[in-house]
Amino acid sequence: RCSVNCPTTITGKVLNPKYLILDIRDHLYARENEILAGEKDTFGWEVPKHEQTLIEDVKYDAIWDCTTCRACSEACPVMIEHVDKIVDLRRYLVQMEANFPTELGQTLKNLENKGNPWGLPAGDRVKWADGLDIPTLADAPDAEYVFWVGCAGAYDERQKRVSRALVQILREANVTFAILGSDEGCTGDPARRAGNEYLF
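Counting with the working numbering, you get residues 2 to 201 for the letters of the sequence shown.
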């Protein structure tokens with residue numbers, strides 16, 4: 002079921018959530034002695050150490066094809082958390098081996114230097130709200146809710162329309178709210194899903 006619901010698998014990419022989990026399982030079974038290295042086996046013998054990692058038994062492209070949408074986990078009849086395992090593999094590749102797709106390098110650099118995945122100026126973060134007269138939390142500290150716009154809602158043209166529409170809905174519902182304005186930064190979620198826990 003996980004593979005049938007995975008948008009990456011459906012588009013014909015390398016990732017197949019079911020086979021990724023089976024690859025991990027097979028790695029663990031094949032290398033159980035190495036994983037238990039330094040301990041004694043059932044006969045009391047020292048288990049020899051070996052440095053082969055899980056990354057060598059899982060397809061590299063499968064690790065990076067995942068969109069982290071969690072459709073596989075939702076559909077899984079035995080409740081396997083595929084995405085958590087994929088993000089763990091990414092974390093190892095990014096933080097231990099500095100091994101990731103070149104396209105991702107620019108995104109991570111933009112997050113670190115500009116506070117958004119696209120590298121757009123921080124001053125443009127509130128341009129989506131031009132003409133809406135939305136108070137910032139500094140101006141309206143008693144606001145009932147804080148509307149967290151996020152990077153996509155502030156920079157992406159399609160999502161800006163969604164942000165503006167939500168403002169209209171909140172006003173129609175007589176909800177008092179404020180935005181963080183230029184004080185808002187990226188949540189760091191793209192970095193975390195890409196495996197860069199340090200940047201998150």
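Yeah, the Cβ is synthetic: ideal placement off N, Cα and C, and Gly gets one too. Bear in mind the structure is a predicted one, so any value in this text is a computation, not a measurement.
Residue span of the alpha helix (DSSP H) that contains residue i, given as start and end
i: LEU171; result: 158-173
i: ARG126; result: Careful: ARG126 lies outside any alpha helix (DSSP H) and carries neither H nor E.
i: ALA141; result: From DSSP, ALA141 is part of no alpha helix (DSSP H); its letter is neither H nor E.
i: TRP65; result: 61-66
Residue i and residue j closer than 9 Å at C-beta
i: CYS77; j: CYS3; result: yes
i: PRO142; j: THR68; result: no
i: PHE201; j: GLY189; result: yes
i: VAL168; j: ALA130; result: yes
Anticipated Cβ contact below 8 Å, residue i with residue j, distance rounded
i: ALA195; j: ARG71; result: Going by Cβ atoms, the distance from ALA195 to ARG71 rounds to 16 Å, so no, they are not a contact pair.
i: VAL59; j: LEU21; result: 7 Å
i: ILE56; j: LEU94; result: 7 Å
i: VAL84; j: SER74; result: 6 Å
Residue i beta carbon near the ligand SAM (any heavy atom closer than 8 Å)
i: LEU112; result: Absence of the ligand SAM is noted for the structure shown, with no ligands found whatsoever.
Fill in: Cβ contact check for the region 131-138 and the region 170-179: 3 or more pairs under 8 Å
Judged by Cβ distances under 8 Å, the region 131-138 makes contact with the region 170-179, as three or more pairs qualify.
Worksheet item: Do the region 5-22 and the region 60-75 touch if we need at least three Cβ pairs shorter than 8 Å?
Response: With a cut-off of 8 Å, the region 60-75 and the region 5-22 count as touching, because enough Cβ pairs lie within range.
Practice prompt. Pick out the complete alpha helix (DSSP H) segments inside the region 71-110, 4 residues or longer, and give them in chain order.
Written response: As far as the region 71-110 is concerned, its whole alpha helix (DSSP H) runs of at least 4 residues are 72-76, 83-98.
Item to complete: Tell me, please, whether the region 146-164 touches the region 114-128 by the rule of three or more beta-carbon pairs shorter than 8 Å.
Response: With contact defined as three or more Cβ pairs closer than 8 Å, the region 146-164 and the region 114-128 are in contact.
Fill in: Three-pair Cβ contact test at 8 Å for the region 84-104 versus the region 121-130
They do not touch, by the three-pair rule.
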